[in-house]
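Student:
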Amino acid sequence: MSTPKNDPLIQVETTCGTLLYELQIIWDEVGETDADRDEMLLELERECLEVYRRKVDQANHCRAQLRRTIADSEAELAAICSAMGERPVHIRQSDQNAGSLKEELSKILPQLEEMKKRKIERRNQFVEVLEQIQKITNEIYGSSVSISSKTVVDETDLSLRKLEELHRQLHELEKEKSDRLKQVQDYLNTLNSLCSVLGMDFMLTVDEIHPSLGDPKGFTSISDDTIEQLATLIKKLLEVKIQRMERLQDLATTMLELWNLMDTPIGEQQMFQNVTRNVAASEHEIIEPNTLSVDFINYVEAEVSRLEQLKSSKMKELVLKKRLELEEICRKTHLLPDSDCAIEDAIEAIESGFADAATILEQIELQIAKVKEEALSRKEILEKVEKWLTACDEECWLEEYNRDENRYNAGKGAHLTLKRAEKARALVNKLPGMVEALASKTMAWEKEREIEFLYDGIRLLSMLEEYTILRKEKEQERRRLRDQKKLQGQLIAEQEALYGSKPSPSKPQSVKKGPRYSTGGASNRRVSLGGAMMTTHKPDSLHPAKATPKTRPSKKNERMQNDHLNHRHDDATVFSAIRRGLDIVDTPVRKHSSTPRASNAIEPESPLLARKPFSPITSAVSAKSNTTNMLEVEDNGEKSHKMHHQNNDLPYATPLKTIPFVDEENRTPKVMPFPCTPSTVSVPMQTAMTPAATPAPIPFAITKPVEEIEQSFEERRLASLLSKTQITTSYALVRVCAS
Amino acid sequence: MTPVHPPPAPGRELSNPPTEGISNLRFSNHSDHLLVSSWDKTVRLYDASADSLRGEFMHGGPVLDCCFHDDSSGFSASADNTVRRIVFSHGKEDILGRHDAPVRCIEYSYAAGQVITGSWDKTLKCWDPRGASGQEKTLVGTYPQPERVYSLSLVGNRLVVATAGRHVNVYDLRNMSQPEQRRESSLKYQTRCVICYPNGTGYALSSVEGRVAMEFFDLSEASQAKKYAFKCHRKSEAGRDIVYPVNAIAFHPVYGTFATGGCDGFVNVWDGNNKKRLYQYSKYPTSIAALSFSRDGRLLAVASSYTFEEGDKPHEPDAIFVRSVNEIEVKPKPKVYPNPPA
Chain A
1 MSTPKNDPLI QVETTCGTLL YELQIIWDEV GETDADRDEM LLELERECLE
51 VYRRKVDQAN HCRAQLRRTI ADSEAELAAI CSAMGERPVH IRQSDQNAGS
101 LKEELSKILP QLEEMKKRKI ERRNQFVEVL EQIQKITNEI YGSSVSISSK
151 TVVDETDLSL RKLEELHRQL HELEKEKSDR LKQVQDYLNT LNSLCSVLGM
201 DFMLTVDEIH PSLGDPKGFT SISDDTIEQL ATLIKKLLEV KIQRMERLQD
251 LATTMLELWN LMDTPIGEQQ MFQNVTRNVA ASEHEIIEPN TLSVDFINYV
301 EAEVSRLEQL KSSKMKELVL KKRLELEEIC RKTHLLPDSD CAIEDAIEAI
351 ESGFADAATI LEQIELQIAK VKEEALSRKE ILEKVEKWLT ACDEECWLEE
401 YNRDENRYNA GKGAHLTLKR AEKARALVNK LPGMVEALAS KTMAWEKERE
451 IEFLYDGIRL LSMLEEYTIL RKEKEQERRR LRDQKKLQGQ LIAEQEALYG
501 SKPSPSKPQS VKKGPRYSTG GASNRRVSLG GAMMTTHKPD SLHPAKATPK
551 TRPSKKNERM QNDHLNHRHD DATVFSAIRR GLDIVDTPVR KHSSTPRASN
601 AIEPESPLLA RKPFSPITSA VSAKSNTTNM LEVEDNGEKS HKMHHQNNDL
651 PYATPLKTIP FVDEENRTPK VMPFPCTPST VSVPMQTAMT PAATPAPIPF
701 AITKPVEEIE QSFEERRLAS LLSKTQITTS YALVRVCAS
Chain B
1 MTPVHPPPAP GRELSNPPTE GISNLRFSNH SDHLLVSSWD KTVRLYDASA
51 DSLRGEFMHG GPVLDCCFHD DSSGFSASAD NTVRRIVFSH GKEDILGRHD
101 APVRCIEYSY AAGQVITGSW DKTLKCWDPR GASGQEKTLV GTYPQPERVY
151 SLSLVGNRLV VATAGRHVNV YDLRNMSQPE QRRESSLKYQ TRCVICYPNG
201 TGYALSSVEG RVAMEFFDLS EASQAKKYAF KCHRKSEAGR DIVYPVNAIA
251 FHPVYGTFAT GGCDGFVNVW DGNNKKRLYQ YSKYPTSIAA LSFSRDGRLL
301 AVASSYTFEE GDKPHEPDAI FVRSVNEIEV KPKPKVYPNP PA
């Protein structure tokens, strides 16, 4: 037991030897047989062997395990290397076995670790790249094709080459992305300019395609879909733009034309300078914002329509002017214009759009040319007619003058009158020749042209004829007068013989009151037809209007007997009343008041005038001298009333025609003419101090010759309404019957 | 010296005007309501200050005249010979009675509580609107006239009737058995309109020949000396004088001046006492068919509507203008002496 135990084996051996020795001792003591002893020892030996064998097996097993681990590691290493496309760093070479297995293993393991780490890194790189690719692809192809965000990496191929390939792919994708971005941006810019030109909201437009596009910073959609939509939108807007541009240019052209036509002031034009500037511009040149917006086009359109309206109104004006010119020419040349209402028709036609103002204008121009031409051919005859008419006037004057008993009384200007009379006599002597020459000339003209020569719508020849007849009649009358005078002279002489005194020659009332002769009927008719043209030309020719020859003889005797009354009857026509109006105002009215009987005497002779007994006016006239204006008015009115009725007998009294109004009022400047513009200055009323019913024309048929019963407008309106409905109902009836 | 006023606008045009000739229009005595009768067979009630159509009442024929009873009802005279009472709030109308011919004009007398109608059947009829519906109950009396009645006007108990043939009869409503006065129009032509002075001393009468006569009831010489006639609504063009009918006269309720409207489309305002024209409004599109001042005289309703003076022909559309009246336009001006008193 004291032996040192430095070596276990030795110790084991010692222990074994000791134990054996101990066993021998025991055996010796026990006295075991040698056989038993041998058997015991054999058994011991066998057990020991068994233990050894087990241990060796165990070791063997362990070694195999180790070997397999090494192989596995190597295989893994190789796999990794191959996946990464690298040559394995360590391939076991059997020949240069470097020691024990454990050594080998310890050598391989760090390598494996290293490789594993590298593999993970590589894998991460792959994942990263793939993710990027995925992302871009998604962006480009749209989320519809999106694959699950988890990228799957092919573990078997993690080589650099593959990585590079992926990188290349990524790069390509990135390039495409940037291209697309650029394209989208381009589109957006184009769109922006289009929108601004068309006056649309860019953000709104773009939002419709993709909400991201409106956001200037940050993500922008670049998918195929977006690009395609952008492209179509741009195409569409471009079409709209071109369309609008054409519209605007049309408008601008119209506008320029209208400006040109109407000499629109520059100031007005400047407002639309930006429109007209673009007349010839091509599509890409129009970039100014809002130039093609709907509002702006509407604005321009409104201006153009305004101008057009202006133009049409100007055209109308022009038509009117031309028409007036035509009428003026017609008036001057005593031609009758085509029809009185032509101008209204024309205006109506223009307004209703049936006719173009320009064509009407052209027509009128044509007419003017025609009339001018005709006027030229008529000129010579017209001049002669004028001469003749002046001569007629002189003749009339002369006759009146001749009747004036006091004509030789020396007075102011008497010598001038004498001179005029002398001249007039010479002229009158020439008259028959003049008429004849005129007639022959007219006949020649008519023969040449095969149309009648009309003077204010009346055949000149008939006028001449009438004149000659009148002249003859006048001649007869004069002769008769002379005879009568002679007779009277005899009578006076007889009376003288009887009573020894000679009555003073009867004084005529006034120069103007005698019977008048003139171109007669012709001038009458002209008055009724022509209206103002006569008065402006030669107002004198109007006055000597006289009754139609038929009425004359019956009244003549009366005149002879009652000189005082005669002037009431002889000038029976309305037109002579023009002059009469003047006459009456200054003389006979006063006469009435002084000789009331005379005025009473008239009354029964105008049966048309029915006065009521209560009428305060009539009684006033006869009762007291008329001093108030009103009465004077009424008095005159009465006469005019009579005249008015006589007017009814004239078949050609066209009520709508205005009749020349030769009155004191028109001769002398009116005290207070009617202002056309409203004014606050009070104006004296035209209380009727002048003859109440100067033949002022009433534009409405108050007493149409045809109508026997007086009717108010309302009655006529109702009648017209009823007749209309009757017509329609009867028409309906007919239709019912027909069916 | 005199301030220059810009030409005033024609006034506010009422929307929804009648579609055919306006025969008459009248302001209410209590509000700015306007009653309008028309040839389109309707009577319309407008609120002139609010420009709103308050009611429309169809008739069997063209309506030739209308008048207010109070603010809730009115009367109308129709060409289908009927006289109707219209209750605005119910939108209902009943026939008060009939004439034998179209009824031309209608007036309501507050003094007598009667409706007076004039017709082309040459009669005047008085009606009691309070009576039950039915001719025998409502008719008070029938008074023959010498001719077809063309115009009526009332002041106090006086009634002036103008007929065809230029007759003018003046009645006292208290004794309708016969006219108080029988007159003849002092104008030579057909009477268009007759209207009594607000002060009850006489009447103005207009004719188709651009003339208005100012007459007085009092037959004394002094009064009759005051009467006169004047020309208006004429146009002088190149020596031609065109004369237009004077369709309407309306007296200003405050100042007693009056407006006339003619077929020339002008409305003139006159001062009858001073024989001056005070104002001329700018021309309206077509003939002036009727005029009415509101109760305070601040508004003037003008019916611009063709009155058939030239027969059936195309014409401007009918319109009602309501213009506010400036005092300067209607207030009589003191007489101007040509020489200042030394």
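Here the protein sequences line up with chains A and B, keeping their order. As numbered in full-length UniProt numbering, residues 1 to 739 make up the first sequence, in order. As numbered in full-length UniProt numbering, residues 1 to 342 make up the second sequence, in order. The beta carbon of each residue, even a glycine, is placed where N, CA and C say it ideally should be.
(1) Check the Cβ of L431 (chain A) against every Cβ in chain B and list those closer than 9 Å, keeping chain order.
(2) Apart from the five residues on each side of it in sequence, which residues of its chain come closer than 7 Å, Cβ to Cβ, to P332 (chain B)?
(3) Return the first residue and the last residue of the alpha helix (DSSP H) that G433 (chain A) is part of.
(4) Cβ atoms of V371 (chain A) and L335 (chain A): under 8 Å apart, would you say?
(5) According to the neighbour-count rule (16 or more other Cβ atoms, all chains shown, within 10 Å of its Cβ), is K92 (chain B) buried or exposed?
(6) Indicate whether N157 (chain B) and A111 (chain B) have their beta-carbon atoms separated by less than 8 Å.
(7) Distance, Cα to Cα, K188 (chain B) vs R166 (chain B)?
(8) Starting from A231 (chain A), follow the alpha helix (DSSP H) in both directions and report where the run begins and ends.
(9) Tell me which same chain residues have a C-beta within less than 8 Å of the C-beta of A357 (chain A), skipping the five on either side of it?
(10) Could you tell me which chain B residues have their CB closer than 9 Å to the CB of L326 (chain A), listed as they occur along the chain?
(11) With a CB to CB cut of under 7 Å and the five nearest residues on each side skipped, what residues in its chain are close to R37 (chain A)?
(12) With three or more C-beta pairs closer than 8 Å as the rule, is the stretch 318-325 of chain B touching the stretch 295-304 of chain B?
(13) Which of helix, strand or coil does DSSP assign to G99 (chain A)?
(14) Please report the distance separating the alpha-carbon of I286 (chain A) from that of F296 (chain A).
(15) Distance, Cα to Cα, N278 (chain A) vs I22 (chain B)?
(16) Whose C-beta lies closer than 7 Å to the C-beta of K624 (chain A) among residues of the same chain, with five residues either side of it excluded?
(17) Could you check if E329 (chain B) is buried or exposed, using at least 16 other CB atoms within 10 Å of its CB as the buried criterion?
(18) Check each candidate in A:Q65, A:C16, A:S73, A:V56 and name the one with the smallest Cα separation from E45 (chain A).
(19) Taking the straight line between their C-alpha atoms, what separation do you get for K513 (chain A) and D404 (chain A)?
(20) Contact criterion: CB-CB distance below 8 Å. Does R331 (chain A) meet it with respect to chain B?
(21) Could you name the residues of the same chain whose beta carbon sits closer than 6 Å to that of R183 (chain B), not counting the 5 residues immediately before and after it, in chain order?
(22) Check the Cβ-Cβ distances between F321 (chain B) and every residue of chain A, and say whether any is below 8 Å.
(23) By the 9 Å beta-carbon criterion, what residues does the stretch 298-314 of chain B contribute toward chain A?
(24) Skipping 5 residues on each side, what residues in its chain have a beta carbon closer than 7 Å to that of M245 (chain A)?
(25) How is the alpha helix (DSSP H) around C232 (chain B) delimited, first residue to last?
(26) If we count the other Cβ atoms within 10 Å of its Cβ and call it buried at 16 or more, is I249 (chain B) buried or exposed?
(27) Provide the residue span of the alpha helix (DSSP H) that contains Q65 (chain A), from first to last.
(28) When burial is assigned at 16 or more other CB atoms within 10 Å of the CB, is K125 (chain B) buried or exposed?
(29) Please check if any C-beta of chain A sits within less than 8 Å of the C-beta of P17 (chain B).
(30) Using beta carbons (cut-off 8 Å, strictly below), is R323 (chain A) in contact with chain B?
(31) Rounded to the nearest angstrom, how far is the Cβ of S72 (chain B) from that of I106 (chain B), given a contact under 8 Å?
(32) Please give the ranges of any alpha helix (DSSP H) in the stretch 455-504 of chain A, keeping only runs that are unbroken, at least 4 residues long and fully inside the region.
(33) Does the structure place the stretch 407-427 of chain A close enough to the stretch 446-462 of chain A that three or more beta carbon pairs sit under 8 Å?
(34) Can you give me the Cβ contacts of R407 (chain A) inside the same chain, cut-off strictly under 7 Å, excluding the 5 residues immediately before and after it?
(35) Enumerate in chain order the residues of its own chain whose CB-to-CB distance from K612 (chain A) is below 7 Å, with the five nearest sequence positions on each side excluded.
(36) Taking only beta-carbon positions, decide if Q145 (chain B) is within less than 8 Å of chain A.
Tutor: So, from the data block:
(1) Walking along the first sequence from the start, residue 431 (chain A) turns up at place 431. Those do not exist, as L431 (chain A) stays about 29 Å from chain B at its closest Cβ, beyond 9 Å.
(2) Counting from one through the second sequence, the residue named residue 332 (chain B) turns up at place 332. Y255, T257, D271, N273, N274, listed in sequence order.
(3) Taking the first sequence and counting its residues from 1, the one referred to as residue 433 (chain A) is at position 433. Following the DSSP letters along the chain, one finds G433 (chain A) inside the alpha helix (DSSP H) bounded by residues 414-449.
(4) Walking along the first sequence from the start, residue 335 (chain A) turns up at place 335. Walking along the first sequence from the start, residue 371 (chain A) turns up at place 371. Judged by their CB atoms, L335 (chain A) and V371 (chain A) are nearer to each other than the 8 Å cut-off.
(5) Working through the second sequence from its first residue, we reach residue 92 (chain B) at position 92. Taking a 10 Å sphere around the C-beta of K92 (chain B), we find fewer than 16 other C-beta atoms and assign the residue as exposed.
(6) In the second sequence, residue 157 (chain B) corresponds to position 157, counting from 1. In the second sequence, residue 111 (chain B) corresponds to position 111, counting from 1. For N157 (chain B) and A111 (chain B), yes; Cβs fall inside 8 Å.
(7) Residue 188 (chain B) sits at position 188 when you count from the first residue of the second sequence. Residue 166 (chain B) sits at position 166 when you count from the first residue of the second sequence. Each residue's Cα considered, the two are about 8 Å apart.
(8) Here residue 231 (chain A) is taken as the residue at index 231 of the first sequence, counted from 1. Here the alpha helix (DSSP H) through A231 (chain A) covers 224-262.
(9) Sequence index remark: in the first sequence, residue 357 (chain A) carries index 357 (1-based). Cβ within range, chain order: S312, M315, K316, L318, V319, I350.
(10) Residue mapping note: residue 326 (chain A) aligns to position 326 of the first sequence, counting from 1. Proximity of chain B to L326 (chain A) at the Cβ level (cut-off 9 Å) is not reached, the minimal Cβ distance being about 17 Å.
(11) As a first step, residue 37 (chain A) must be located in the first sequence, where it is residue number 37. Excluding the 5 residues flanking it on each side, R37 (chain A) has same chain C-beta neighbours closer than 7 Å at W27, in chain order.
(12) Look at the beta carbons and you see the stretch 295-304 of chain B touching the stretch 318-325 of chain B: at least three pairs across the two are nearer than 8 Å.
(13) For this step, residue 99 (chain A) is matched to residue 99 along the first sequence. Under the three-state reduction of DSSP output, G99 (chain A) falls in the coil class, being neither helix nor strand.
(14) The residue given as residue 286 (chain A) occupies position 286 in the first sequence. The residue given as residue 296 (chain A) occupies position 296 in the first sequence. Between I286 (chain A) and F296 (chain A), the C-alpha separation is close to 14 Å.
(15) Indexing the first sequence from 1 puts residue 278 (chain A) at position 278. Indexing the second sequence from 1 puts residue 22 (chain B) at position 22. I22 (chain B) has its alpha-carbon roughly 52 Å from the corresponding atom of N278 (chain A).
(16) Locating residue 624 (chain A) in the first sequence gives position 624, counting from the first residue. Unreliable positioning characterises K624 (chain A) in this predicted model, as indicated by a pLDDT of 41, which lies under 50. The coordinate reading is nonetheless provided below. Nothing meets the Cβ criterion.
(17) In the second sequence, residue 329 (chain B) corresponds to position 329, counting from 1. Buried, by the Cβ-count rule.
(18) Here residue 45 (chain A) is taken as the residue at index 45 of the first sequence, counted from 1. Selected option, being the one with the closest Cα: A:C16.
(19) As a working note, residue 513 (chain A) is residue 513 in the first sequence. As a working note, residue 404 (chain A) is residue 404 in the first sequence. Here K513 (chain A) scores only 41 on pLDDT, less than 50, and its place in the model should not be relied on; the value that follows carries that caveat. Approximately 10 Å between the Cα atoms of the pair.
(20) The residue labelled residue 331 (chain A) in the question sits at position 331 within the first sequence. Taking 8 Å as the CB threshold, R331 (chain A) stays off the interface with chain B.
(21) To locate residue 183 (chain B), count along the second sequence from 1; it is residue 183. Excluding residues within five positions, the ones whose Cβ falls inside 6 Å are V168.
(22) One-based indexing of the second sequence puts residue 321 (chain B) at position 321. For F321 (chain B), the answer is no, since every Cβ of chain A falls outside 8 Å of its Cβ.
(23) The stretch 298-314 of chain B vs chain A, Cβ under 9 Å: T307, F308, E309, E310, G311, D312, P314.
(24) As a first step, residue 245 (chain A) must be located in the first sequence, where it is residue number 245. The beta carbon of M245 (chain A) sits closer than 7 Å to those of E283, I286, L292, all from its chain and outside the five residues before and after it, given in chain order.
(25) The residue given as residue 232 (chain B) occupies position 232 in the second sequence. It is not in any alpha helix (DSSP H) - C232 (chain B) carries neither H nor E in the DSSP assignment.
(26) In the second sequence, residue 249 (chain B) corresponds to position 249, counting from 1. Buried.
(27) Within the first sequence, numbered from 1, the residue matching residue 65 (chain A) stands at position 65. For Q65 (chain A), the enclosing alpha helix (DSSP H) starts and ends at 34-83.
(28) By 1-based counting over the second sequence, the position of residue 125 (chain B) is 125. Counting of Cβ neighbours within 10 angstroms places K125 (chain B) among the buried residues, the total reaching 16 or more.
(29) Translated into positions along the second sequence, residue 17 (chain B) becomes position 17. Nearest CB-CB separation between P17 (chain B) and chain A: not below the 8 Å threshold.
(30) For this step, residue 323 (chain A) is matched to residue 323 along the first sequence. Taking Cβ atoms only, chain B never reaches closer than 8 Å to R323 (chain A), which makes this a no.
(31) One-based indexing of the second sequence puts residue 72 (chain B) at position 72. One-based indexing of the second sequence puts residue 106 (chain B) at position 106. Wrong, their Cβ atoms sit about 17 Å apart, outside the cutoff.
(32) Qualifying alpha helix (DSSP H) stretches, in chain order: 460-499.
(33) As far as the Cβ criterion goes, the stretch 446-462 of chain A does not touch the stretch 407-427 of chain A, which means the pair count is below three.
(34) Taking the first sequence and counting its residues from 1, the one referred to as residue 407 (chain A) is at position 407. The residues Y401, in chain order, have a CB closer than 7 Å to that of R407 (chain A) in the same chain once the five nearest residues on each side in sequence are set aside.
(35) By 1-based counting over the first sequence, the position of residue 612 (chain A) is 612. The pLDDT assigned to K612 (chain A) is 41, lower than 50, so where the model puts this residue is not dependable, and the model offers no usable value.
(36) Here residue 145 (chain B) refers to the residue found at position 145 when the second sequence is read from its first residue. No, its Cβ sits nowhere closer than 8 Å to a Cβ of chain A.
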